[in-house]
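Visitor: What follows is a structure written as structure tokens; I'll ask about it next.
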Amino acid sequence: MSAAPEAGHEAAPAPLADLDPVLTAPKRLAFMAVLASSTSTDFSFLRRHLGVSDSDLSKQASALESAGYLTVTKDGRGRGGTTTFKITKEGRRAFEQHRDTLRVLLS
Amino acid sequence: METSRTHDDRERDAVLEQLHAIERAQAATWLDHPATPWWWAPYFAVWSAALVLSVGYLSGWGSALGNLALVAASAFLIGYQRRHRGTWPTGDVPHELHRPLWMLLVGAVVVMAAATALGFLVSVWASAAVTGVLAGLLVWRYERDYVRAAERARRRLA
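Residue numbers (the numbering used here), protein chains in the order written: chain A, 48 to 154; chain B, 302 to 459.
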């Protein structure tokens, strides 16, 4: 029989280890936050929102793709082509855990 | 002691800043997009009137083809919006946008009720005309309210 938690007993603080090292970079965190609230988002939207260069955005996207947090789709080629990003289940889980850990740290 | 407190405050500020950046980024898909084109409200006016005619005036294959064309037009519109905005938002809506979204929903129900009543009591053509005008006005008003609410949300999150 398990005892009920004592009144006023504070939860243990979330371990810092719960913060995802891939998402500690602010640009990557914002990248994932945008993807977490969209079915898919294209390259130009993210570049505009994050205020970064093409090469920087590609670098961040590669890091997140390597971690298995997003998928990349390319339609067409050249100037008319579009690159679209979509969050994976693993990416969503990692992002939500990271965000929840930040909230616990704050409280 | 003072140094330690300052360090804690800095850490707290850093965490707060990260949470704020998350909130801003999650709201961005709802807020940061180009203005809706001028033909948006007229498009919905024509589409709604066509729907009334397709359902109330046509029958059999004619109605089926009409409805299919309207579904295709909707799919085109969704595809256009997705390309135009560069994203398709999901998840938590910034609270400033709740009111225009609810007003759109309630307005759509009222327009549908008016369309049905007019179709039965007057004529399908009268219903199509009134539905077209009401739907166009509803979308125009929604767009105007959305833009204002989005501006308020952007200011809060800035």
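In this text, a Cβ means the ideal position worked out from N, Cα and C, and glycines have one as well.
What span of residues does the beta strand (DSSP E) with tryptophan 389 of chain B cover, start to end?
Guide: Looking at the DSSP string, the run of the beta strand (DSSP E) that includes tryptophan 389 of chain B is 388-390.
Visitor: Just checking, does the region 128-144 of chain A make contact with the region 86-105 of chain A on the three C-beta pairs under 8 Å criterion?
Guide: Yes, the region 128-144 of chain A is in contact with the region 86-105 of chain A.
Visitor: Three or more C-beta pairs under 8 Å: does that hold for the region 331-346 of chain B against the region 410-427 of chain B?
Guide: With a cut-off of 8 Å, the region 410-427 of chain B and the region 331-346 of chain B do not count as touching, because too few Cβ pairs lie within range.
Visitor: If we ignore side chains and look at the alpha-carbon of each, how far apart do valine 410 of chain B and threonine 417 of chain B end up?
Guide: For valine 410 of chain B and threonine 417 of chain B, the distance between alpha carbons rounds to 11 Å.
Visitor: Starting from the Cα of leucine 76 of chain A, find the closest Cα among A/Leu152, A/Gly127, A/Ala141, A/Asp89 and give me that residue.
Guide: The option with the nearest alpha carbon to leucine 76 of chain A is A/Ala141.
Visitor: Sorted by chain position, which residues of the same chain lie with C-beta nearer than 8 Å to tryptophan 331 of chain B's C-beta, five sequence neighbours on each side aside?
Guide: For tryptophan 331 of chain B, where only same-chain residues beyond five positions count, the Cβ hits under 8 Å are Pro390, Val394, Pro395, Leu398, Ala451, Ala454.
Visitor: Output, in chain order, the set of chain B residues within a Cβ distance shorter than 9 Å of serine 87 of chain A.
Guide: The answer, in chain order, is Arg383, Thr388, Trp389.
Visitor: Is the distance from the Cβ of glycine 437 of chain B to the Cβ of alanine 370 of chain B below 9 Å?
Guide: No; because the gap between Cβ atoms is not below 9 Å, this pair is not in contact.
Visitor: Leaving out five residues on either side along the sequence, give the residues of the same chain with a beta carbon under 7 Å from the beta carbon of leucine 402 of chain B.
Guide: Contacts found: Val394.
Visitor: Who are the neighbours of valine 119 of chain A on chain B, taking C-beta pairs under 9 Å?
Guide: The contacting residues do not exist; valine 119 of chain A stays about 15 Å from chain B at best.
Visitor: Can you tell me where the alpha helix (DSSP H) holding serine 85 of chain A begins and where it ends?
Guide: Counting along the chain, serine 85 of chain A falls outside any alpha helix (DSSP H), though it belongs to the beta strand (DSSP E) covering 85-89.
Visitor: Compare the Cα-Cα distances from leucine 153 of chain A to each of B/Thr307, B/Gln327, B/Leu317 and report the closest residue.
Guide: If we check each option's Cα against that of leucine 153 of chain A, B/Leu317 comes out closest.
Visitor: Does leucine 439 of chain B pass the burial test, meaning 16 or more other C-beta atoms within 10 Å, or should it be called exposed?
Guide: Buried, because 16 or more other Cβ atoms sit within 10 Å of the Cβ of leucine 439 of chain B.
Visitor: Leaving out five residues on either side along the sequence, give the residues of the same chain with a beta carbon under 6 Å from the beta carbon of aspartate 67 of chain A.
Guide: The answer, listed in chain order, is Ala141, His145.
Visitor: Quick check on DSSP: helix, strand or coil for alanine 119 of chain A?
Guide: The displayed chain sequence assigns valine, not alanine, to residue 119 of chain A. If DSSP states are grouped into helix, strand and coil, valine 119 of chain A belongs with the strands.
Visitor: Kindly indicate which residue of B/Leu352, B/Phe377, B/Gly408 has the alpha-carbon position closest to the one of leucine 435 of chain B.
Guide: The residue with the shortest Cα to Cα distance from leucine 435 of chain B is B/Gly408.
Visitor: List the residues of chain A that arginine 449 of chain B touches, going by C-beta distances under 8 Å, in chain order.
Guide: Result: empty, since nearest Cβ-Cβ is about 21 Å, beyond 8 Å.
Visitor: Please check if any C-beta of chain B sits within less than 9 Å of the C-beta of threonine 129 of chain A.
Guide: Yes, threonine 129 of chain A lies at the interface with chain B (some Cβ there is under 9 Å from its Cβ).
Visitor: Residues in its own chain within less than 7 Å of valine 81 of chain A by CB, not counting five upstream and five downstream?
Guide: Answer for valine 81 of chain A: Thr88, Leu93, His96, listed in chain order.
Visitor: Between the Cα of alanine 342 of chain B and the Cα atoms of B/Gly367, B/Ala326, B/Trp441, B/Ala459, which residue gives the shortest distance?
Guide: Here the closest residue by C-alpha is B/Trp441.
Visitor: Just confirm the distance between the C-beta atoms of serine 461 of chain B and serine 364 of chain B, as a whole number of angstroms; I'd bet it's less than 8 Å.
Guide: No statement about residue 461 of chain B is possible, as the shown extent of chain B runs from 302 to 459 and does not include it.
Visitor: Tell me, which residues are paired with isoleucine 134 of chain A by DSSP?
Guide: In the DSSP output, where bridge partners are listed per residue, isoleucine 134 of chain A has A/Leu117.
Visitor: Following the continuous alpha helix (DSSP H) through alanine 415 of chain B, name the residue where it begins and the one where it ends.
Guide: That run of the alpha helix (DSSP H) goes 399-422.
Visitor: DSSP three-state label for threonine 71 of chain A, please.
Guide: Looking at threonine 71 of chain A - three-state DSSP - the assignment turns out to be coil, as it is neither helix nor strand.
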